[in-house]
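The structure appears below as structure tokens.
There are 2 protein chains.
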Amino acid sequence: MIDKLIEQIQKLQNPTVVGLDPRLSMIPEHIKEKAFEEHGKTLAGAAAAFLAFNQEIIDATYDLIPAVKPQVAMYEMYGAAGMQAFIDTVAYAKKKGLIVIGDVKRNDIASTAQAYSDGHLGEVEIEGELIEPFGEDFITVNPYLGTESIEPYFEHMKNRDKGLFVLVKTSNAGSGEIQDLPMGSEGHPLYETVGQLIDKWGAAFRGSYGFSDIGAVVGATHPEQGARLRQLLPHVFFLVPGYGAQGGTAEDLAGCFNREGIGAIVNSSRGIIAAYQNKKYSHQFKPDEFAQASRQAVLDMKADLNRVL
Amino acid sequence: MIDKLIEQIQKLQNPTVVGLDPRLSMIPEHIKEKAFEEHGKTLAGAAAAFLAFNQEIIDATYDLIPAVKPQVAMYEMYGAAGMQAFIDTVAYAKKKGLIVIGDVKRNDIASTAQAYSDGHLGEVEIEGELIEPFGEDFITVNPYLGTESIEPYFEHMKNRDKGLFVLVKTSNAGSGEIQDLPMGSEGHPLYETVGQLIDKWGAAFRGSYGFSDIGAVVGATHPEQGARLRQLLPHVFFLVPGYGAQGGTAEDLAGCFNREGIGAIVNSSRGIIAAYQNKKYSHQFKPDEFAQASRQAVLDMKADLNRVL
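Listed in order, the protein sequences are those of chains V and L.
Be aware that the first sequence starts at 47, since it is given in the working numbering, and climbs by one per residue.
Be aware that the second sequence starts at 47, since it is given in the working numbering, and climbs by one per residue.
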């Protein structure tokens, strides 16, 4: 799956992933009105608004971007209806040819990780019927439980062409509290140890660009650490959150790419999906043109990233 | 919420939490037949089977146990229908007076953690309507993103009497790979640092037994570490997985309790909910008596734990 992602990035000359992390405060009134009219002021109403919003953004951007990354928490907070909107968003994006990174940050002991693996990357068997419940291409996972908690994903990675992004150095300002803790007498930070584990796990999953199907989440908000990790982990592809609304600039994340200008995909969520609410775009696009504002924000982000690559 | 949990444990003389982690292979045929007849061989069919199974187990055990701990992965793998069965299980258990620990192991950067907090412990607002999507009393969370990722839960802990269990030392055999890494020149393991952070976070949330609403997940499969953590963290209550099917014995986890015999709640999942499939109980209970087998397994576990306390 990493080869397909890199090919799409190369073809479109755009290492941008659109974070589909809707909030009700971002949804234009006309979409909310219709959803709440049909479903009431309910969880199903919120879910319907999210799906309609996402579909329009996907329609307006899919020809420019390799991938989308829905953040499951934004959907899960609206219960089962919200989860269905997440699942429907995944399906809609895939139908449009997009690669889908499910930002779920799951993990657990092996038997439980297997359930997440089957649900998100694989299939479940119900009395002989095989059903694909979620269908993402990649998911994000948490490394705290070690190799045992990652191995349950390997089968679907191999047999169904799937991938992972494992948390290494997250974009929050305080990520260093645990992730930068110095290990042993040499004092390397914990996140480097995690990065090296990812490199080891991914050795059996390297594709034709030298990158493996097990990538790392490395925040744009920590430029020095990103650059250091890029050197340390030449085979590990990075998913880079933190650009834009969280404060990371194109210059900050340039070090996450290698000399050939590959090695990372950069997420922007609010900056793209709520572009019409940003004063940079709001004079030009009305609320019912929100998706066109998102398209313009994608073009601007692409230009900004290509400036430093 | 920790006071309520401790009171229930004391009243029932039973520090057992039943892990409601159903799998289709555990569900008796008569329940599956009915569910698949009504819903087809679908995700909704699996979800209906889980809910019916859980309800019968809750009915047969609620007077003996303080709490249940549904593992969300087992439900999430069946998509939105599965999530609804999780939510319905939470509601059913609460209606029976049980404390519910949602074993969700979520976490993310603060703005996203807020979504998990609102969804699982709080309410969401939809056009002025307040809806409680999940309704657990406690959830489990992952500490890798640091203090910033825990603070979003504090408001609901304070205002809605909720609690957390943060992963410290998990029950899997390989948990030490990351969790035991020696920190700095003194070489204390990472999980101790995480434990000390939990103690700090919980200082503002201590109840009348001296324990705080922010507990720690400490596996029964690591007896020495459990005992060491109990000494190190006298104000942190432990959620102890790994008893029974995972290999932890009552003796192994005795060190997780303090001298007064409090300080921990011990989870058993398969050992209780699939007791009727275990040869210890299968001669005595037929598949349609599965819930009575679970009741007997709870009584046996209670006796086993009280033997060492």
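C-beta: ideal position from N, C-alpha, C; glycine also.
Chain L within 9 Å of residue i, Cβ atoms only
i, result
"residue 289 of chain V", "no"
"residue 341 of chain V", "no"
"residue 240 of chain V", "yes"
"residue 62 of chain V", "no"
"residue 59 of chain V", "no"
"residue 201 of chain V", "no"
"residue 190 of chain V", "yes"
"residue 233 of chain V", "yes"
"residue 318 of chain V", "no"
"residue 67 of chain V", "yes"
"residue 324 of chain V", "no"
"residue 170 of chain V", "yes"
Minimum Cβ-Cβ distance from residue i to chain V less than 9 Å
i, result
"residue 294 of chain L", "no"
"residue 101 of chain L", "no"
"residue 224 of chain L", "yes"
"residue 162 of chain L", "yes"
"residue 153 of chain L", "yes"
"residue 82 of chain L", "yes"
"residue 116 of chain L", "no"
"residue 249 of chain L", "no"
"residue 127 of chain L", "yes"
"residue 330 of chain L", "no"
"residue 184 of chain L", "no"
"residue 269 of chain L", "no"
"residue 50 of chain L", "no"
"residue 108 of chain L", "no"
"residue 217 of chain L", "yes"
"residue 74 of chain L", "no"
"residue 135 of chain L", "no"
Beta-carbon proximity of residue i to residue j, cut-off 9 Å
i, j, result
"residue 129 of chain L", "residue 146 of chain L", "no"
"residue 296 of chain L", "residue 324 of chain L", "no"
"residue 285 of chain V", "residue 307 of chain V", "no"
"residue 101 of chain V", "residue 62 of chain V", "no"
"residue 322 of chain V", "residue 275 of chain V", "no"
"residue 301 of chain V", "residue 267 of chain V", "no"
"residue 313 of chain V", "residue 115 of chain V", "yes"
"residue 51 of chain L", "residue 177 of chain V", "no"
"residue 331 of chain V", "residue 320 of chain V", "no"
"residue 168 of chain L", "residue 202 of chain L", "yes"
"residue 191 of chain L", "residue 159 of chain L", "yes"
"residue 153 of chain V", "residue 151 of chain L", "yes"
"residue 187 of chain L", "residue 170 of chain L", "no"
"residue 207 of chain L", "residue 149 of chain L", "no"
"residue 126 of chain V", "residue 127 of chain L", "yes"
"residue 288 of chain L", "residue 265 of chain L", "yes"
"residue 131 of chain V", "residue 94 of chain V", "yes"
"residue 258 of chain L", "residue 272 of chain L", "no"
"residue 226 of chain L", "residue 269 of chain L", "no"
"residue 215 of chain L", "residue 282 of chain L", "no"
"residue 377 of chain L", "residue 345 of chain L", "Residue 377 of chain L is absent from the structure shown; chain L starts at 47 and stops at 355."
"residue 183 of chain L", "residue 123 of chain V", "no"
Where the beta strand (DSSP E) through residue i begins and ends
i, result
"residue 331 of chain V", "Segment: none, residue 331 of chain V is in no beta strand (DSSP E) and carries neither H nor E."
Extent of the continuous alpha helix (DSSP H) to which residue i belongs
i, result
"residue 209 of chain L", "That residue, residue 209 of chain L, is in no alpha helix (DSSP H); its beta strand (DSSP E) goes 209 to 215."
"residue 59 of chain V", "No alpha helix (DSSP H) holds residue 59 of chain V; DSSP gives it neither H nor E."
Beta bridge counterpart(s) of residue i as assigned by DSSP
i, result
"residue 229 of chain L", "V/229 and L/234"
"residue 64 of chain V", "V/114 and V/314"
Contact test: residue i Cβ vs the ligand MN heavy atom, cutoff 8 Å
i, result
"residue 97 of chain L", "Although the ligand MN was asked about, the structure shown includes no ligands whatsoever."
For the stretch 136 to 200 of chain L, list the alpha helix (DSSP H) runs that are entirely contained and at least 4 residues long, ordered along the chain.
156 to 166
List, from N- to C-terminal side, the beta strand (DSSP E) runs of 3 residues or more that fit wholly inside the stretch 288 to 327 of chain L.
310 to 314
Runs of alpha helix (DSSP H) wholly within the stretch 237 to 291 of chain L (minimum 4 residues, chain order)
269 to 278
Extract the residue ranges of the alpha helix (DSSP H) inside the stretch 72 to 136 of chain V, only unbroken runs of 4 or more that lie entirely within it.
75 to 85, 89 to 107 and 118 to 122
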